[in-house]
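Chemist: Numbering (my numbering), first residue to last: 1195 to 1616.
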Amino acid sequence: MPSLSRPQARVLALWSFGMVFAHACGLSQISALVALLLDESEGTVRQRLREWLYGAQDKQGKQRREVQVADCFGPLLRWVLEHWPQGERRVALALDATTLGQRFTVLCISVLVRGCAIPVAWKGLPYNQKGSWQPHWNGLLEALRGSSPADWEVLVLADRGLYARWLYQKIVAVGWHPFLRINLAAKARLDEHSPFVWIKQWLPPMGEQWAGQVECFAQKQSRLCCTLVLCQQEGYEQPWVIVTDLLPTEVQGAWYRMRYWIEGGFKDFKRGGWGWQHTKMLDPERAERLWLAMAVATLWTVAVGGAAELQPPTPSHKELPPTHVARLSAGSGHGPERGRELSCLTRGRLRLLAAVLRDEPLPQGRLEPQTWATTLPPARKPSAAAKIKEQQRLKQGERQRVKRRRRKAAHRKGKGKGKKAA
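Next up, the structure:
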């Protein structure tokens, strides 16, 4: 990362290395581990790591310099793409926001790979800060402009809660392809001479998709000429309705399934990986610098874990006798398909720990993206724990709706009393 000085890059490496082997992002754990490895005072290492997070105004001395996180976004994306396999010329990004209690909201753009998400641009905001997110998303996208080769196909996915016409237009202006989900309750028309109709009338049968060029949204200030994609499958709560600038013959609605990987990426940053939910930070700018270290640690572990995931198990089914029960069941095609049991981040971290214990060189790994899906498979049946969690979510939502209705009723009652008194 050219914007970092040598001392800054060295401390960034210490932060990321410490996260991987301490399985935490806390200052105390990492400083203790790094001090043992470097044979230095724990207090000295702790102060070095802490000052790396500080802004210039919080540092002592005349030559005060802070890590400019935004200057690292473009080089970070280029670094990720350097790990891409030769001949692969497309990549999927996702936009989403995550919160940390009532302290932070982080807007994040991540590269999607093998069920994981590697952050390449982010913005930390105070929780519930008033104002639009538009300038922040525009700034993040602008920071990544020109960071991908011109001949690459870059797909940018976002959920319907983030859709806005300005976001669609900004993604196109950067040179990428928006792939944004919208609500089913919208209208569109096939050409300027046709009336606007509800887009649900174009819903295809289960397991199929419909795609066509339309003018979407009836209100003039919201109208958008785009390709509309609709697909639905058994087990999903609602159909997927997506707007993009790709041609109808070039697009697959099943690609939207990759967007859920960014939620797995947030899990890796918290309880599944670096334990960010335990941080005691209150300053969003310091949190942004910590995210830079976590992003580098994520890139390393996902690259190592992705390479390990592609290695065939030993022994493989082909090495077993023809009558072995495991080989027969594997070739029969019966039974549910096994999903990914470990994230690439977790698998990569375990692979690195094993390399240390076996006195082997630390692997660097490589990023091997999965083939983009062309069909949307039926959703898997939820586990018992997932069903209980969903029931709790529905009950909580119902309680919140009851509270809102009571507040509105009390508010209307108070207004009525005020009018009578007047």
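Ideal placement from N, C-alpha and C gives every residue a C-beta, glycine not left out.
Does the separation of the CB atoms of Val1498 and Gly1458 fall below 8 Å?
Modeler: Taking 8 Å as the Cβ cut-off, Val1498 and Gly1458 do not qualify as a contacting pair.
Chemist: Would you call the stretch 1436-1455 and the stretch 1360-1377 in contact, with 3 or more CB pairs under 8 Å?
Modeler: The stretch 1436-1455 is in contact with the stretch 1360-1377.
Chemist: Measure the CB-CB distance between Val1496 and Cys1266 and report whether it falls below 8 Å.
Modeler: It is not a contact, given that the beta carbons lie outside the stated cut-off.
Chemist: Relative to the alpha-carbon of Val1445, which residue among Gly1429, Lys1461, Trp1455 and Leu1424 has its alpha-carbon at the smallest distance?
Modeler: Ranking the options by Cα distance to Val1445, first place goes to Leu1424.
Chemist: Check this for me: beta carbons of Val1314 and Leu1561, under 8 Å apart or not?
Modeler: Their beta carbons are not under 8 Å apart, which means Val1314 does not touch Leu1561 by this criterion.
Chemist: Taking only three categories from DSSP, how would you classify Ile1303?
Modeler: In this structure, Ile1303 counts as strand in the three-state DSSP scheme.
Chemist: Which term fits Pro1433, buried or exposed, when burial requires 16 or more other beta carbons within 10 angstroms of its beta carbon?
Modeler: Buried.
Chemist: Are the stretch 1327-1346 and the stretch 1380-1400 touching by the rule of at least three beta carbon pairs closer than 8 Å?
Modeler: Segments in contact, no.
Chemist: Looking at C-alpha atoms only, which residue of Met1452, Glu1347, Val1263 and Gln1415 is the closest neighbour of Arg1284?
Modeler: The shortest Cα separation from Arg1284 among Met1452, Glu1347, Val1263 and Gln1415 belongs to Glu1347.
Chemist: Evaluate Leu1504 with the Cβ neighbour count: other Cβ atoms within 10 Å of its Cβ, from every protein chain shown; 16 or more gives buried, anything less gives exposed.
Modeler: Leu1504 comes out exposed.
Chemist: Mark Ala1405 as exposed unless 16 or more other C-beta atoms lie within 10 angstroms of its C-beta, in which case mark it buried.
Modeler: Per the 10 Å Cβ criterion, buried.
Chemist: Determine the burial state of Lys1597: buried for a count of at least 16 other Cβ atoms within 10 Å of its Cβ, exposed for fewer.
Modeler: With fewer than 16 Cβ atoms within 10 Å of its Cβ, Lys1597 is classed as exposed.
Chemist: Per DSSP, what are the beta-bridge partners of Glu1347 in this structure?
Modeler: Beta-bridge pairing links Glu1347 to Arg1284.
Chemist: How would you label Ala1229, buried or exposed, when you count the other beta carbons within 10 angstroms and need 16 or more for buried?
Modeler: Buried, because 16 or more other Cβ atoms sit within 10 Å of the Cβ of Ala1229.
Chemist: Does Thr1565 come out as helix, strand or coil in the three-state DSSP assignment?
Modeler: Coil, per DSSP.
Chemist: Inspect the beta-carbon positions of Ser1210 and Ala1379 and report whether they are closer than 8 Å.
Modeler: No, Cβ-Cβ distance for Ser1210 and Ala1379 is not below 8 Å.
Chemist: Less than 6 Å between C-beta atoms, sequence neighbours within five positions excluded: which residues of the same chain meet that for Ala1288?
Modeler: Taken in chain order, the residues that qualify are Ser1304, Leu1306, Leu1351, Arg1453 and Ile1456.
Chemist: Just the C-alpha distance for Thr1238 and Leu1294, rounded to the nearest angstrom, thanks.
Modeler: About 29 Å.
Chemist: In whole angstroms, what is the alpha-carbon distance linking Gln1251 and Glu1236?
Modeler: In a straight line, the C-alpha of Gln1251 is about 25 Å away from that of Glu1236.
Chemist: Do you know whose CA, among Leu1546, Thr1569, Leu1551 and Leu1334, lies nearest Leu1558's CA?
Modeler: Inspection of the sequence shows that residue 1558 is occupied by Gln rather than by Leu. Out of Leu1546, Thr1569, Leu1551 and Leu1334, Leu1546 has the C-alpha closest to the C-alpha of Gln1558.
Chemist: Closest to Pro1279 by C-alpha separation, out of Lys1583, Thr1565 and Ala1579, would be which residue?
Modeler: When each option's Cα is compared against that of Pro1279, the closest is Thr1565.
Chemist: With distances taken from CA atoms, which of Cys1302, Pro1398 and Phe1390 is nearest Asp1353?
Modeler: Among Cys1302, Pro1398 and Phe1390, the Cα nearest to that of Asp1353 belongs to Cys1302.
Chemist: Decide if Arg1593 is buried, meaning its Cβ has at least 16 other Cβ atoms within 10 Å, or exposed.
Modeler: So Arg1593 counts as exposed.
Chemist: Taking Ser1342 and Leu1271 to be in contact with their CB atoms under 8 Å, please state how far apart those CB atoms are, rounded to whole angstroms.
Modeler: So it is a contact: roughly 7 Å between Cβ atoms.
Chemist: Give me, in chain order, the residues of the same chain whose beta-carbon lies closer than 6 Å to that of Gly1527; leave out the 5 immediate sequence neighbours on both sides.
Modeler: Low local confidence applies: a pLDDT of 43 at Gly1527 is under 50, so the model's placement there is unreliable, and no value is given.
Chemist: With H, G and I counted as helix, E and B as strand and the rest as coil, what does DSSP make of Glu1409?
Modeler: Glu1409: strand per DSSP, three-state reduction.
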